[in-house]
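A quick write-up on the structure given underneath.
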DNA sequence: AGCAGGACCTGATGGC
DNA sequence: TGCCATCAGGTCCTGC
């Protein structure tokens with residue numbers, strides 16, 4: 057599942073190859089992901105436009121174009137963006153192929169067809185409810201301890217549900233929420249408001265540490281995620297709890313459990329996560 | 001308002 | 001072997 061570290065990895069890869077690229081043609085195999093225009097209009101509008109910079113907000117990947125418009129991608133669970141210098145590999149799940157003037161191309165594929173692509177006019181981020189409502193970037197200065205401290209206050213939801221709420225902090229998904237809570241020694245089902253001050257501080261630090269480490273490992277590949285050149289990430293080797301039911305906790309040796317919190321499969325250590 | 005749960009989608013997996 | 005049910009999860013939507 058592409059979460060913040062995976063999207064950031066793709067963004068960095070694409071930044072190295074897409075700047076100054078000019079769209080020559082957009083090939084539409086399946087128009088479902090395109091919003092708000094029809095896929096045909098989307099393709100027409102892009103022709104001749106140049107990519108001037110890349111960006112990311114939470115799990116949204118952004119390509120900024122020379123006329124001020126922006127292409128926003130959300131890969132959801134199984135979306136992929138893969139760049140190729142010449143002929144792009146494609147399969148039955150390839151929905152769009154962006155062709156550039158120099159002969160290179162970018163394919164968008166998505167097994168589950170949940171991924172979405174928007175073309176936004178200048179200042180059009182508010183056309184996407186989820187994007188305009190995003191909370192602070194966890195690795196930016198906007199995300200600081202007093203902010204998280206306030207966000208946890210009075211909230212009756214589980215701390216895991218709070219971490220998954222993109223309005224609170226942008227970019228955490230199921231895998232990193234579990235990893236953050238393990239690092240912070242906090243049970244996922246604990247109510248957010250029940251955390252003591254020390255726990256809140258540790259949680260704040262854990263969010264940044266886990267995300268930074270995962271970015272440095274180029275993300276986590278559990279099954280579907282690939283970077284912009286089609287390669288797997290490496291952070292799956294460093295996961296402490298996610299997907300490790302029945303294995304032993306690396307910190308205390310207890311058997312890792314799986315339960316359901318916030319409607320999601322949730323992995324935790326029943327001994328050292330309090 | 002805040003919160004919980006279902007819908008969306010398809011491939012992998014497991015039971016019989 | 002084949003068929004069917006279940007599960008995976010990010011976001012949006014509905015309803016309590």
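Residue numbers (this note's numbering): 57 to 330. Glycine residues also receive a C-beta, built at the ideal position from the N, C-alpha and C atoms.
Taking the continuous alpha helix (DSSP H) assigned at residue 166, which residues delimit it?
That residue, residue 166, is in no alpha helix (DSSP H); its beta strand (DSSP E) goes 161 to 166.
Starting from residue 62, trace the alpha helix (DSSP H) in both directions and tell me its first and last residue.
60 to 74
Practice problem: Return yes when the Cβ of residue 79 is within less than 9 Å of the Cβ of residue 114, no when it is not. | Solution: no
Do residue 212 and residue 220 have their C-beta atoms within less than 9 Å of each other?
-> no
Q. Near residue 116, which residues of its chain fall below 6 Å by C-beta distance, leaving aside the five closest residues on each side in sequence?
A. 128, 130 and 187
* Compute the Euclidean distance between the alpha carbons of residue 166 and residue 174, then round it to the nearest angstrom. => 15 Å
Which listed residue (91, 110 and 109) has its alpha carbon closest to that of residue 101
91
Item checked: Unbroken beta strand (DSSP E) run spanning residue 155, endpoints -> 150 to 156
Of the listed residues 265, 138, 135 and 64, nearest to residue 118 (C-alpha basis): 64
Is the CB-CB distance between residue 190 and residue 263 below 9 Å? no
TODO: Specify the secondary structure class of residue 98 as computed by DSSP and reduced to three states.
DONE: helix
When the Cα of residue 106 is compared with those of 124, 83 and 77, which residue comes out closest?
77
Please report the straight-line C-alpha distance between residue 180 and residue 94, rounded to a whole angstrom. 17 Å
Flag this pair as yes or no: are the beta carbons of residue 328 and residue 310 separated by less than 9 Å?
yes
Requested in this report: Given a cut-off of 9 Å, decide if residue 237 and residue 259 are closer than it, judged by their beta-carbon atoms.
Outcome: yes
Out of 132, 70, 85 and 112, point me to the one whose CA is closest to residue 140's CA.
-> 70
- Message: Given this structure, state the Cα-to-Cα distance separating residue 112 from residue 68, to the nearest angstrom.
- Response: 10 Å
- Item | Own chain, CB closer than 7 Å to residue 277, minus 5 neighbours either side, in chain order | 288, 289 and 292
* In chain order, what residues of the same chain lie with their CB nearer than 8 Å to the CB of residue 216, ignoring the 5 residues before and after it? -> 233, 234, 237, 244, 245, 317, 318, 320 and 322
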